[in-house]
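Below: one structure, written as structure tokens.
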Amino acid sequence: MSIVVKHIFKRYNNGMGIFEALPLMAEVKKSAHLNNHVLENFTIESQDKFSSKCKVCKKTIVIDLKAELPVNGEVIGVACQKPERKKKVQISS
Ligand SMILES: [Zn+2]
């Protein structure tokens, strides 16, 4: 292997995190959307950790490429529900 190829390979490897995470992010957004969540853009926590949360219910989702379960969060498999507001009871006299 030539030095140039090694160099490119190394550079590619260093930037792997985000490329590996992109399909996962798309997948997470899709499945969150199916449950009516509206995810914020992902925050890059580290090279292989990304997080987001739902704008409506504030539930979170974390993608950690080093974790045994790369996608983990409250958003998965749970339908979005707005935090409940107390309704005023009207009593008519
Ligand atoms: Zn939600």
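For what it's worth, the numbering used here labels the leading residue of the sequence shown as 390, then goes sequentially. Just so you know, even glycine gets a beta-carbon here, dropped at the ideal spot from N, CA and C. These numbers come from a predicted model, not from an experiment.
Helix, strand or coil at residue i [DSSP, three-state]
| i | result |
| --- | --- |
| Leu423 | helix |
| Val417 | helix |
| Phe439 | strand |
| Ile407 | helix |
Top-ranked residue by Cα proximity to residue i, from the options
| i | options | result |
| --- | --- | --- |
| Gly406 | Gly462, Gln470, Phe439 | Phe439 |
| Asp453 | Glu434, Asn430, Ser481 | Glu434 |
| Cys469 | Leu458, Ile480, Gln479, Cys443 | Cys443 |
Cβ-Cβ separation, residue j to residue i (assumed contact under 8 angstroms), whole Å
| i | j | result |
| --- | --- | --- |
| Ile450 | Val427 | The Cβ separation is near 12 angstroms, so there is no contact. |
| Ser441 | Phe431 | 5 angstroms |
| Val445 | Lys477 | Val445 to Lys477, Cβ: 22 angstroms. No contact. |
Beta-carbon gap between residue i and residue j smaller than 8 angstroms
| i | j | result |
| --- | --- | --- |
| Val460 | Leu411 | no |
| Asp437 | Lys418 | no |
| Val467 | Asn424 | yes |
Buried versus exposed call for residue i [16 or more other C-beta atoms within 10 Å across all chains shown]
| i | result |
| --- | --- |
| Lys448 | buried |
| Gly462 | buried |
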